[in-house]
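Following the numbering used here, the residues of the sequence shown are numbered contiguously, the last one being 402. The beta-carbon is built from N, C-alpha and C at its ideal position, and this holds for glycine as well.
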Amino acid sequence: MIVDRQGRRFRNLRISLTSACNYACTYCVPNGKRLVAAQDELSADAMARGVAYLIEAAGIERLRITGGEPLVSPKLESFMSAIGQMGLDDISLTTNGQLLTKKLPLLVDAGLRRINVSLDTLDPAAFRSIARGGDLASVLDGMEQAAAAGMKIKVNMVPLSGQNLDQVLPLLDYCLERGFELRFIELMRMGHLAKDANAFLQQFVSLQQLLTLIGERYEYAQTDAPVDATAVRYAIAGRGNFGVIANESVPFCRTCSRLRLSSTGWLHGCLSSSNRHYVGDLLDKPRHEALPALQRLLMKALGDKQEVAFSGGATVMKIIGG
Ligand code: SAM
């Protein structure tokens with residue numbers, strides 16, 4: 081097993097199935113253009129082989145499928161059916177929910193039991209101005225149907241100063257009423273926000289600001305979380321839980337166990353490092369040739385992790401797999 085001096089190893093793999101997305105969220109895509117798939121994206125077979133090899137070479141236990149938007153990818157069905165056989169402890173998927181109603185039967189048939197849906201507001205006008213694609217009603221409908229089909233749902237919200245702070249309590253109420261867990265994600269200095277400190281600071285909302293806002297309506301208490309969890313979790317007695325992924329306020333680099341594989345075959349050991357390691361060519365090789373080479377690259381990728389705190393990264397989230 082590959083372990084670093086801080087005792088960190090890769091347990092959680094995030095696969096960006098495609099960089100294509102049917103949204104162009106303001107904090108993710110600066111120019112407002114929705115993305116098509118990169119020309120040199122890996123096939124579903126190669127990606128599934130990548131997962132199998134990384135389970136062996138790195139000890140991956142949990143997999144999250146992300147993007148881009150994974151539900152727009154034609155590879156989704158064959159990829160899902162291949163990874164279902166690999167004995168992973170947990171498979172989950174992060175989606176903007178726009179195509180959830182349409183793809184739900186496929187996800188249920190593939191055995192998926194939990195999803196994260198990104199939703200920054202319940203206000204249709206604010207939705208249009210932040211996501212710059214899709215429509216709110218489809219997302220809400222998709223979540224209701226997924227819940228009715230027995231899926232466990234977490235909702236991801238990025239609070240943005242001046243844009244959706246008035247939605248923190250409505251979204252929390254919406255989630256508590258339905259038994260969904262709301263996860264607030266502190267804005268991260270990724271892509272254009274890593275280069276423009278003003279744009280970042282104007283929009284950034286800290287953990288403390290959020291808790292103050294939530295405290296106006298609810299009493300909450302911090303709860304325990306697994307050692308390599310990224311979220312700080314809170315319980316509202318008798319109502320449910322919420323979490324905050326507080327990259328800036330409570331950095332979690334010391335216990336980070338994440339590895340990312342991009343849709344074009346690059347391994348990323350850290351969101352905050354510009355280093356990446358190409359493995360696309362190894363995925364066509366037989367196991368006995370691929371694994372030793374993969375392990376050498378995994379050592380490098382583990383060495384890319386920050387010691388203490390996230391400091392921003394030039395790569396855009398939709399490329400690296402948010
Ligand atoms: N399309 C899918 C979705 O919307 O969930 C998956 C990919 S998206 C890049 C994954 C998550 O990254 C979303 O919840 C999105 O809000 C978040 N994200 C993107 N850029 C971010 C940033 N700069 N800071 C914090 N979260 C970000």
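Can you grab the Cα-Cα spacing for the pair residue i / residue j, in whole Å?
i	j	result
Trp346	Gly191	27 Å
Gln243	Ala206	7 Å
Cys350	Met237	22 Å
Gln165	Leu281	44 Å
Leu339	Ile135	11 Å
Leu267	Gln283	8 Å
Ala118	Leu97	11 Å
Met160	Leu187	8 Å
Phe260	Pro154	28 Å
Arg334	Leu382	12 Å
Arg263	Val235	6 Å
His357	Arg269	22 Å
Lys385	Ala126	26 Å
Arg194	Asp170	9 Å
Asp221	Ala128	30 Å
Ile82	Cys336	14 Å
Ile316	Ala274	34 Å
Ser209	Asp215	11 Å
Quickly, what does DSSP pair residue i with across the bridge? List them, please.
i	result
Ala315	Ala301 and Asn321
Tyr358	Trp346
Ser96	Thr146
Thr174	Asn196
Ile233	Ile195
Ile265	Ile325
Met379	In the DSSP output, where bridge partners are listed per residue, Met379 has none listed.
Met270	Gly393
Leu180	Paired residues: none, contrary to the question.
Is residue i near ligand 1, judged by its Cβ being under 7 Å from some heavy atom?
i	result
Tyr358	no
Ser420	This structure does not reach residue 420, given that the chain is present from 81 up to 402, and the question cannot be answered.
Ile265	yes
Thr174	yes
Cys273	Here the sequence assigns Leu to residue 273, which means Cys is not the residue at that position. Result yes, Cβ under 7 Å from ligand 1.
Tyr61	The question about residue 61 has no answer here: the residues shown for the chain are numbered 81 through 402.
Val238	yes
Gly147	yes
Cys333	no
Met397	yes
Cys350	no
Pro255	Reading the sequence as shown, one finds Cys at residue 255 and not Pro. No, the beta carbon of Cys255 sits no closer than 7 Å to any heavy atom of ligand 1.
Would you please state the rounded distance, in angstroms, between the beta carbons of residue i and residue j? I believe it to be under 8 Å.
i	j	result
Val197	Gly177	4 Å
Gly213	Asn102	5 Å
Val359	Leu371	That pair is no contact at about 11 Å.
Taking 7 Å as the cut-off, is the beta-carbon of residue i closer than that to any non-hydrogen atom of ligand 2?
i	result
Met223	Among the ligands in the structure shown, ligand 2 does not appear; only ligand 1 can be found there.
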